[in-house]
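**Student:** Here it is, the structure in full.
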Amino acid sequence: MRLKRFLVVETRMRAKLFFAVPLVFSTVCKPPTPAEQMDSVISWLATAGMAGDAWLRHTTPDKYTRQTLELSHDTLLQISDDLLKSRPPGTDTASLDSVLTRSRGRIAQMARLVEAKNSPAFLSQLDSLRVDEKLVKQFSDSIKSKQ
Amino acid sequence: MKKILQITLGIITSVGGFLEIGSVTTAAQAGASFGYQLLWAILLGTICLIFLVEMSGRLAAVSKHTIVDATRERFGFPFYAIVMLGMVLVAFMVLVAELGGIGLSLQILSGLGFPWWAIPVSFVVWLLMWKGTFGLIENGASLLGLVTISFVVAAVKMHPDWGSAGHGLLPTMPGDQKAKYGFIAVSILGASISPYLMYFYSSGAIEDKWDESYIPMNRIIAGFGMTFGGLLSMAVLVAAALAFQPRGIDIDKFEQAALLMTSALPKWGFYFFAFSMLFACLGAALEVSLAIAYFFAQGFGWNWSEDLEPSKDARFSFAYTIIIFLAAIPLLFGVDPIKVTLMSMALTAATLPLAIVPFLFLMNDPIYLGEHRNGWVSNSVVAIIILISFVLSVISIPLQIIGG
């Protein structure tokens, strides 16, 4: 009888632990704040820019440049999705979404231009990406000031 | 004359073999995120490593025991088994990371994804172990690793502000991102104070048949070799601070780190980085594989020597064969080597006390070291290292969750 009661209590405790442990972890593993996500966006936009610069100076191989641009594009897509879902405070989400979508498009286009070895068109996309990067920095400053 | 040559070779190989994926990744992350502010962590880690490596060599030269032999003999097999379990687990993760580092280097050079390289790379590492001698592993890969000196050239060519860099040698707290700062500091210390290096170094001293006459040489090699090696790590941090921080780039992926030297050395910077990482990780993979085989062979009392034919130390050779191919499996499934690296750095920090506390006892035991046992300076340094290790082990894993 005692054993049975013990087993019931033990099972209940296990069930509680089963839910409590992920709860504790979800509290500790807090998701990144919008400001941190904006830092990541800037980091990957700058990575694409730096990889682009290096390619134009013929200092990196085509395959590496293309892969790095694709990686930047995919990572930006993931971060942007999370960022926009969290609706950063005091930000025009539609404008931010538009800039981020445009930037990703430019990076995807740059990756294609590497394949085509079209440096003039690549340079034009890179210059436009720099303009977008500045806009994203303004969004980032605005989000940080409101946090 | 022979000793001078040995010292020179010893220093060169220590320098060439100092960097590996952990030290480069953590130093690049530190520079990119916090500028020169974390140089102190590399300095502290290097000082700790100098003392630990010197002690490892002294123990072997005087007592003719490796650390494993002495630990097992002094504390008994059950205690050693606990140490071995912790050390082998961490060393295995480091091996996965190093094999992954070779794969990533080949990926950026060839365009072929790193999982495709897992088996060929493991096979080459295994073949070098199977056919090679201790001298080949100790000197060959490390001599190739001298290409890592390009990090120093790049850092100098980027004209750092030496005054600000000097300030970075003193610990300061950042304005924000404290958890991330702490985690990177912990990772740098974990990457610098790698216990597998102590075990490898003491086994190497036995392989090279050191005796008491090697004590001064050991001191010079440990001092100069590790100091110059530490300078390489600092050069990576400085170059990353200048190349990435102004652009706001945080290093999350190997592909980002590959751009480290492209502005300082436009023509060859990319290739210097790729080959530096390739040879540094190759050297480290060979050393870690050997260290793991030493753990097993010396712990269980098997025949062991990298200079013996595999048929003469079959179980030792079997141990590294299995370990190398097991380490290829996670990479084959695309596990990110950088994530494994950061995890292994934190785990290294967590297991440091396990390696260092018994080592302190050994270094003070007159049966093993006679008049060459530790003085108060060495004991104090080891005590501080133990304290740091305990703090590291307590804070590293939560920091990884919060800041990593």
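Chains as they are written, first to last, in our numbering: chain F, 231 to 377; chain S, -4 to 399.
Note that CB positions come from ideal geometry on N, CA and C, so glycine has one too.
1) Decide if Leu84 (chain S) is buried, meaning its Cβ has at least 16 other Cβ atoms within 10 Å, or exposed.
2) Taking only the alpha-carbon atoms, compute the straight-line gap between Leu123 (chain S) and Phe267 (chain S) and give it to the nearest angstrom.
3) Whose C-alpha, out of F:Arg296, F:Pro262 and F:Thr321, is nearest the C-alpha of Val344 (chain F)?
4) At 4 residues or longer, and completely inside the segment 151 to 208 of chain S: list those alpha helix (DSSP H) runs for me, N to C.
5) Identify whether Leu347 (chain S) lies in helix, strand or coil by the three-state DSSP scheme.
6) Count the other C-beta atoms from every protein chain shown that fall within 10 angstroms of the C-beta of Pro353 (chain S), then say buried if there are 16 or more, exposed otherwise.
7) Cβ of Ala217 (chain S) within 7 Å of Cβ of Val48 (chain S)?
8) Under 7 Å Cβ-Cβ, which residues of chain F neighbour Arg242 (chain S)?
9) With 7 Å set as the bound, which would you pick, yes or no: does the beta-carbon of Phe29 (chain S) sit closer than that to a beta-carbon of chain F?
10) Going by other Cβ atoms of all chains shown within 10 Å of its Cβ, with 16 needed for buried, is Lys175 (chain S) buried or exposed?
11) List the whole-angstrom C-beta distance separating Gln32 (chain S) from Met212 (chain S), where the pair is believed to meet the contact cut-off of C-beta under 8 Å.
12) Beta-carbon within less than 7 Å of Ile333 (chain S)'s beta-carbon, same chain only, minus the 5 sequence neighbours each way: which residues are those?
13) Going along chain F in order, which residues have a C-beta closer than 7 Å to the C-beta of Phe109 (chain S)?
14) Are any of the Cβ atoms in chain S nearer than 7 Å to that of Ala324 (chain F)?
15) Express the C-alpha separation of Ala341 (chain F) and Asn348 (chain F) in angstroms, rounding to a whole number.
16) Using the rule of at least 16 other Cβ atoms within 10 Å of the residue's Cβ for burial, across every protein chain shown, is Thr167 (chain S) buried or exposed?
17) At 7 Å on the CB atoms, spell out the chain S contacts of Ser219 (chain F), in chain order.
18) First and last residue of the alpha helix (DSSP H) that includes Lys362 (chain F)?
19) Is it true that the segment 308 to 315 of chain F meets the segment 262 to 281 of chain F, where meeting means three or more beta-carbon pairs spaced less than 8 Å apart?
20) Within the same chain, show all residues whose beta-carbon is closer than 6 Å to that of Val376 (chain S), passing over the 5 residues directly before and after it, in chain order.
21) Given 8 Å as the limit, is there contact between the segment 339 to 353 of chain S and the segment 313 to 329 of chain S, that is, 3 or more CB pairs closer than that?
22) Identify the contact partners of Lys293 (chain F) in chain S, using a Cβ-Cβ distance below 8 Å as the criterion.
23) With 16 other CB atoms within 10 Å as the buried threshold, where does Ser402 (chain S) fall?
24) Can you name the residues of chain S whose CB is closer than 8 Å to the CB of Leu301 (chain F)?
25) Counting only runs that start and end within the segment 2 to 33 of chain S, where is the alpha helix (DSSP H) found for 4 or more residues in a row?
26) With a cut-off of 8 Å on the beta carbons, I'd call Thr61 (chain S) and Ile201 (chain S) a contact; round off their distance for me.
27) Among S:Leu226, S:Phe290 and S:Gly296, which has the Cα closest to the Cα of Leu38 (chain S)?
28) Looking only at its chain, what residues have a beta carbon closer than 7 Å to the beta carbon of Ala160 (chain S), apart from the 5 residues adjacent to it on each side?
29) Near Asp308 (chain S), what residues of its chain come up, given a Cβ to Cβ distance below 8 Å and the 5 sequence neighbours on each side ignored?
30) Going by DSSP, what residue range makes up the alpha helix (DSSP H) through Asp247 (chain S)?
31) Along the chain, where does the alpha helix (DSSP H) that runs through Val231 (chain S) open and close?
32) What would DSSP say about Asn359 (chain S), mapped onto helix, strand or coil?
33) Is the beta carbon of Ala275 (chain S) sitting closer than 7 Å to the one on Glu68 (chain S)?
34) Leaving out five residues before and five after Phe109 (chain S) in sequence, what residues of the same chain have Cβ atoms less than 6 Å from its Cβ?
35) Going by beta carbon distance, what residues of the same chain come within less than 6 Å of Leu356 (chain F), once the five residues before and after it are set aside?
36) Check whether the Cβ of Arg287 (chain F) lies closer than 7 Å to any Cβ atom in chain S.
**Tutor:** So, from the listed chains and residues:
1) The residue in question, Leu84 (chain S), is exposed, as its Cβ has fewer than 16 Cβ neighbours within 10 Å.
2) Looking at the two C-alpha atoms, the distance is approximately 23 Å.
3) Of the candidates F:Arg296, F:Pro262 and F:Thr321, the residue whose Cα lies closest to the Cα of Val344 (chain F) is F:Arg296.
4) Secondary structure remark: continuous alpha helix (DSSP H) runs of at least 4 residues inside the segment 151 to 208 of chain S, in chain order: 157 to 162, 173 to 187 and 190 to 202.
5) Leu347 (chain S) falls in the helix class under three-state DSSP.
6) Buried, by the Cβ-count rule.
7) In this structure, Val48 (chain S) lies closer than 7 Å to Ala217 (chain S) by Cβ.
8) Chain-ordered, the chain F residues with CB closer than 7 Å to the CB of Arg242 (chain S) read Ala276 and Met280.
9) Taking CB atoms only, Phe29 (chain S) has no neighbour in chain F less than 7 Å away.
10) Answer is buried; the Cβ neighbour count reaches 16.
11) 36 Å between Cβ atoms; not a contact.
12) Cβ neighbours of Ile333 (chain S) beyond the five flanking positions: Thr20, Lys248 and Phe249.
13) Chain F residues near Phe109 (chain S): none, gap ~11 Å exceeds 7 Å.
14) For Ala324 (chain F), the answer is no, since every Cβ of chain S falls outside 7 Å of its Cβ.
15) Taken atom to atom, the span from the alpha-carbon of Asn348 (chain F) to that of Ala341 (chain F) is near 10 Å.
16) By the neighbour-count rule (16 or more Cβ atoms within 10 Å), Thr167 (chain S) is not buried but exposed.
17) The shown model of chain F, from 231 to 377, leaves out residue 219 (chain F), and the question about it has no answer.
18) At residue 362 (chain F) the sequence reads Asp, which differs from the Lys that was named. Asp362 (chain F) -> alpha helix (DSSP H) spans Ser349 to Lys376.
19) Taking a cut-off of 8 Å for Cβ pairs, the segment 308 to 315 of chain F and the segment 262 to 281 of chain F touch, as three or more such pairs fall below it.
20) Excluding positions up to five away in sequence, the list reads Phe46.
21) Because the criterion of three Cβ pairs below 8 Å is not met, the segment 339 to 353 of chain S and the segment 313 to 329 of chain S do not touch.
22) Going along chain S in sequence order, the residues near Lys293 (chain F) (Cβ under 8 Å) are Ser105 and Gly106.
23) Residue 402 (chain S) falls outside the range modelled here, since chain S spans only -4 to 399, and no answer is possible.
24) Those are Lys248 and Glu250, listed as they occur along chain S.
25) Complete alpha helix (DSSP H) runs here, min 4: 16 to 29.
26) About 5 Å separates the two Cβ atoms, so the contact holds.
27) Just measuring C-alpha positions, the residue of S:Leu226, S:Phe290 and S:Gly296 sitting nearest Leu38 (chain S) is S:Leu226.
28) These residues qualify, in order along the chain: Tyr31, Leu34 and Val233.
29) Contacts found: Ala292, Trp297, Asn298, Trp299 and Ser300.
30) Membership of Asp247 (chain S) in any alpha helix (DSSP H) is not indicated, and neither H nor E is assigned to it by DSSP.
31) Val231 (chain S) -> alpha helix (DSSP H) spans Met221 to Ala238.
32) Three-state result, Asn359 (chain S): coil.
33) Not in contact: Ala275 (chain S) and Glu68 (chain S) (Cβ atoms no closer than 7 Å).
34) Gly98, Leu99 and Gln102.
35) Within the same chain, Leu356 (chain F) has close Cβ partners Gly282.
36) At least one chain S Cβ lies under 7 Å of Arg287 (chain F).
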